[in-house]
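Peer 1:
Numbering (the numbering used here), first residue to last: 4 to 600.
(1) Measure the alpha-carbon distance for residue 141 versus residue 200 and round it to whole angstroms.
(2) Give the DSSP-derived three-state secondary structure of residue 595 in the structure shown.
(3) By Cβ distance below 7 Å, which residues in the same chain neighbour residue 110 in space, the five residues on each side in sequence not counted?
(4) For the alpha helix (DSSP H) containing residue 88, list its first residue and its last residue.
(5) Which class does residue 612 belong to by DSSP, given the choice of helix, strand or coil?
(6) Are residue 554 and residue 528 closer than 8 Å when you measure CB to CB?
(7) With distance defined between alpha-carbon atoms, name the residue in 7, 313, 63 nearest to residue 20.
(8) Exposed or buried, what is residue 395 when buried is set at 16 or more other beta-carbons lying within 10 Å of its beta-carbon?
(9) State the start and end residues of the unbroken alpha helix (DSSP H) segment that holds residue 460.
(10) Using 8 Å for Cβ pairs, my map puts residue 483 next to residue 593. What's the rounded Cβ distance?
(11) Here's a check: name, in chain order, each residue in its chain whose Cβ is nearer than 7 Å to the Cβ of residue 298, leaving out the five neighbours to either side.
(12) Using 10 angstroms around the beta-carbon of residue 263, count the other beta-carbons present and answer buried if the total reaches 16, otherwise exposed.
(13) In the DSSP output, which residue or residues are listed as bridge partners for residue 518?
(14) Below 6 Å CB to CB, which residues in the same chain sit around residue 479 once its five sequence neighbours on both sides are set aside?
(15) Please work out which residues of its chain come closer than 8 Å, Cβ to Cβ, to residue 458, disregarding the five sequence neighbours upstream and downstream, and give them in chain order.
(16) Any idea if residue 255 is buried or exposed, counting beta-carbon neighbours within 10 angstroms, 16 or more meaning buried?
(17) Could you tell me the alpha carbon to alpha carbon distance between residue 192 and residue 442, rounded to whole angstroms?
(18) For residue 467, which residues from the same chain have a beta carbon less than 6 Å from its beta carbon, with the 5 sequence-adjacent residues on both sides left out?
(19) Taking the CB atoms as reference points, tell me whether residue 78 and residue 56 lie closer together than 8 Å.
(20) Note down, one range per segment and in chain order, each alpha helix (DSSP H) of at least 4 residues found wholly within the segment 257 to 307.
(21) Can residue 365 and residue 314 be called in contact, C-beta distance under 8 Å?
(22) What are the boundary residues of the beta strand (DSSP E) that includes residue 318?
(23) Considering only the beta carbon of each residue, do residue 133 and residue 115 sit closer than 8 Å?
(24) Tell me whether residue 579 is buried or exposed, calling it buried when 16 or more other Cβ atoms sit within 10 Å of its Cβ.
(25) What is the DSSP secondary structure of residue 16, counted as helix, strand or coil?
(26) According to DSSP, simplified to helix, strand and coil, what is residue 131?
(27) If residue 222 and residue 243 are in contact, beta carbons under 8 Å, what's the gap, nearest whole angstrom?
(28) Tell me the rounded alpha-carbon separation between residue 336 and residue 375.
(29) Closer than 7 Å to a non-hydrogen atom of the ligand NAP - does that hold for the CB of residue 364?
(30) Between which two residues does the beta strand (DSSP E) harbouring residue 47 extend?
(31) Please classify residue 576: is it buried, with 16 or more other beta-carbons within 10 angstroms of its beta-carbon, or exposed?
(32) Hey, residue 530 and residue 540 are a contact pair by Cβ (cut 8 Å); roughly how many whole angstroms apart?
(33) Since residue 474 and residue 512 are thought to touch, with beta carbons under 8 Å apart, how far apart are those beta carbons, to the nearest angstrom?
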């Protein structure tokens with residue numbers, strides 16, 4: 004028999020299963036998984052089948068049962084071939100699709116082997132000849148099944164509606180959708196994969212160089228004074244002084260801006276310099292910021308320092324749209340959060356927070372240092388600006404301090420509210436970036452050094468490779484630590500983590516930072532000191548695994564309540580996982596935990 008492959012909607016449809024043994028139970032379960040209402044008829048049935056079915060009749064089949072409802076389909080799963088034949092004939096007379104278990108000659112449809120992720124369904128059939136062949140093919144297909152394809156499909160559904168609204172031409176719609184699908188399957192820049200885009204981004208350097216030259220100079224020479232004047236007035240492209248612009252730094256800015264799909268970027272001397280410049284560009288004395296409690300210790304310290312400038316921070320217990328709405332006042336000028344808080348491992352619900360902030364005419368700035376563009380592009384989720392400490396994962400080698408701000412260029416600034424940008428109102432949605440570039444940033448003096456820009460440019464070329472390895476190592480180490488005595492692990496990649504599902508819906512992975520509680524400060528120190536491969540250092544995002552006791556270092560200026568709100572306790576150990584062989588890392592931590600007592 005030549006079966007035609009098709010999909011049908013069983014949601015709420017009435018289906019009949021006759022027979023409550025092993026096969027009948029399987030069919031009840033499958034039908035319920037796809038939203039059908041199931042009536043089960045059998046003299047005896049397994050408890051699971053009875054529990055799953057919507058109705059159960061403890062009796063034998065009667066021909067009148069086929070007329071009891073408008074059945075979408077019928078399954079005969081009895082061990083009586085004559086009864087199965089009678090059911091098949093009765094359903095065919097009534098034009099009801101029927102499946103007879105293990106007897107394809109009596110079937111008008113068959114159950115395929117199924118792989119499913121959300122609404123993406125792959126059905127594999129042997130035409131009823133050999134379920135074992137179908138299962139074999141299923142396992143082969145599962146091996147190359149795209150990770151997260153259900154989530155990607157949901158996003159493509161949204162893009163399809165967008166394409167209908169924005170493109171009248173069918174070919175333009177197809178091109179748009181092909182590009183979006185490629186981006187989702189390969190988290191990179193544009194229509195190519197992430198690392199391909201990094202290595203072949205279209206930059207052209209002098210003399211055909213494959214890397215930008217290092218302009219390790221203070222100033223740039225001009226033949227005519229008129230040209231230098233125009234550069235200072237921003238009427239002519241060029242460089243005058245490396246504090247306010249440098250070609251090596253520009254190359255790095257363009258690379259990260261492309262990765263984040265932004266509208267402009269400014270590189271700074273450090274991550275903290277970038278955060279400070281971003282805040283001061285939009286906030287003045289008397290203004291307020293809303294931020295989450297579980298922030299990096301240096302960021303919390305900065306917010307306290309800003310109080311001396313008259314800029315107050317209101318801390319939210321949880322960074323969701325629902326939690327921040329009551330905190331918004333007439334003085335609120337900015338909402339700030341970390342995409343993955345360090346080390347608390349809390350995930351910022353960017354879409355809901357952005358929606359709540361935008362309702363009030365307030366931008367959302369995010370620190371995506373621990374996530375990186377490989378895991379998520381916050382601008383595409385609703386954030387208005389992204390900040391990175393490029394010293395961490397972007398650089399990757401632990402050899403260059405730096406930071407960068409990327410502007411989405413889409414926020415509709417209210418210049419009556421954001422008076423810090425009032426002078427730049429003519430630039431409208433570009434006002435924030437223009438103020439940073441031409442005013443605040445160059446006057447603060449927090450520029451990135453050319454050599455640091457060069458090292459970070461080189462470092463980020465392997466970002467995708469490193470992040471894939473780091474995330475895999477972190478997951479393996481977290482699972483191993485969770486099974487060690489006296490250790491409580493906090494890592495987003497573990498299913499029991501409260502933000503695991505949110506992280507999975509927003510990001511391409513779960514990051515490379517984890518922390519664990521050892522039971523006491525003394526034991527934490529013993530474990531740290533016993534490690535062989537993990538270096539004791541106050542950094543993250545290195546290719547090497549790094550550990551630290553955050554309470555006595557990064558949060559030394561914070562009180563107990565502030566530390567605990569950030570997920571830092573006296574016995575907390577933070578681990579920034581590197582790219583070492585996972586077996587060696589796990590063995591090292593297992594030995595150190597044992598030595599810690």
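Note that beta-carbon positions come from the ideal geometry of N, C-alpha and C, so glycine has one too.
Peer 2: Quick look at the numbers:
(1) Counting from 1 along the chain shown, the entry for residue 141 is found at position 138. Counting from 1 along the chain shown, the entry for residue 200 is found at position 197. Distance between the alpha carbons of residue 141 and residue 200 is about 33 Å.
(2) Within the chain shown, residue 595 is the residue found at index 592, counting from 1. If DSSP states are grouped into helix, strand and coil, residue 595 belongs with the helices.
(3) Position 107 of the chain shown, counted from the first residue, corresponds to residue 110. Once the five neighbours on either side are set aside, the close Cβ partners of residue 110 are 101, 102, 103, 131.
(4) For the purposes of this step, residue 88 is taken as residue 85 along the chain shown, with counting starting at 1. From DSSP, the alpha helix (DSSP H) with residue 88 extends over 84 to 96.
(5) In the structure as shown, the chain starts at 4 and stops at 600, and residue 612 therefore has no counterpart that could be examined.
(6) Mapped onto the chain shown, residue 554 falls at position 551. Mapped onto the chain shown, residue 528 falls at position 525. For the pair residue 554 and residue 528, the CB atoms are not nearer than the 8 Å cut-off.
(7) By one-based count along the chain shown, residue 20 stands at place 17. For the options 7, 313, 63, the alpha carbon positioned closest to that of residue 20 is the one of 63.
(8) Along the chain shown, read from residue 1 onward, the residue named residue 395 stands at position 392. So residue 395 ends up on the buried side.
(9) To locate residue 460, count along the chain shown from 1; it is residue 457. Residues 453 to 462.
(10) As a first step, residue 483 is located in the chain shown; it is residue number 480 there, counting from the start. As a first step, residue 593 is located in the chain shown; it is residue number 590 there, counting from the start. Confirmed, about 7 Å.
(11) Reading the chain shown from its first residue, position 295 is the one you call residue 298. 341, 344, 569.
(12) Translated into the one-based positions of the chain shown, residue 263 becomes position 260. Buried is the call here.
(13) Residue 518 sits at position 515 when you count from the first residue of the chain shown. Answer is 493, 577, bridged to residue 518.
(14) Within the chain shown, residue 479 is the residue found at index 476, counting from 1. Excluding sequence neighbours, residue 479 sits near 585.
(15) Here residue 458 is taken as the residue at index 455 of the chain shown, counted from 1. Correct list, in chain order: 398, 400, 402, 403.
(16) Position 252 of the chain shown, counted from the first residue, corresponds to residue 255. Burial call: buried.
(17) Counting from 1 along the chain shown, the entry for residue 192 is found at position 189. Counting from 1 along the chain shown, the entry for residue 442 is found at position 439. Bear in mind that the predicted position of residue 192 carries a pLDDT of just 46, short of 50, making it too unreliable to give a figure here.
(18) For the purposes of this step, residue 467 is identified with residue 464 of the chain shown, where counting begins at 1. Within the same chain, residue 467 has close Cβ partners 197, 198, 377.
(19) Reading the chain shown from its first residue, position 75 is the one you call residue 78. Reading the chain shown from its first residue, position 53 is the one you call residue 56. Cβ atoms of residue 78 and residue 56: not closer than 8 Å.
(20) 274 to 285
(21) Along the chain shown, read from residue 1 onward, the residue named residue 365 stands at position 362. Along the chain shown, read from residue 1 onward, the residue named residue 314 stands at position 311. In this structure, residue 365 lies away from residue 314, with their beta-carbon atoms at least 8 Å apart.
(22) Looking up residue 318 in the chain shown gives position 315. In the DSSP annotation of this structure, the continuous segment of the beta strand (DSSP E) that includes residue 318 starts and ends at 315 to 319.
(23) As a working note, residue 133 is residue 130 in the chain shown. As a working note, residue 115 is residue 112 in the chain shown. Cβ distance not < 8 Å, so residue 133 and residue 115 don't count as in contact.
(24) Locating residue 579 in the chain shown gives position 576, where the first residue counts as 1. Its Cβ being crowded by 16 or more others within 10 Å, residue 579 is buried.
(25) For the purposes of this step, residue 16 is taken as the residue at position 13 of the chain shown. If DSSP states are grouped into helix, strand and coil, residue 16 belongs with coil.
(26) If you number the chain shown from 1, residue 131 lands on position 128. Residue 131: coil per DSSP, three-state reduction.
(27) Here residue 222 refers to the residue found at position 219 when the chain shown is read from its first residue. Here residue 243 refers to the residue found at position 240 when the chain shown is read from its first residue. The beta carbons of residue 222 and residue 243 sit about 7 Å from each other, so the pair counts as a contact at 8 Å.
(28) Position 333 of the chain shown, counted from the first residue, corresponds to residue 336. Position 372 of the chain shown, counted from the first residue, corresponds to residue 375. Answer to the nearest angstrom: the Cα atoms are 25 Å apart.
(29) This structure does not include the ligand NAP; it has no bound ligands of any sort.
(30) Sequence index remark: in the chain shown, residue 47 carries index 44 (1-based). That run of the beta strand (DSSP E) goes 40 to 48.
(31) The residue you call residue 576 lines up with position 573 of the chain shown. Classification of residue 576: buried, given that the 10 Å Cβ count is 16 or more.
(32) Residue mapping note: residue 530 aligns to position 527 of the chain shown, counting from 1. Residue mapping note: residue 540 aligns to position 537 of the chain shown, counting from 1. Actually they do not touch by this definition, with Cβ atoms about 16 Å apart.
(33) Stepping through the chain shown from its first residue, residue 474 is reached at position 471. Stepping through the chain shown from its first residue, residue 512 is reached at position 509. Indeed, because the Cβ distance is near 4 Å, the residues count as touching under 8 Å.
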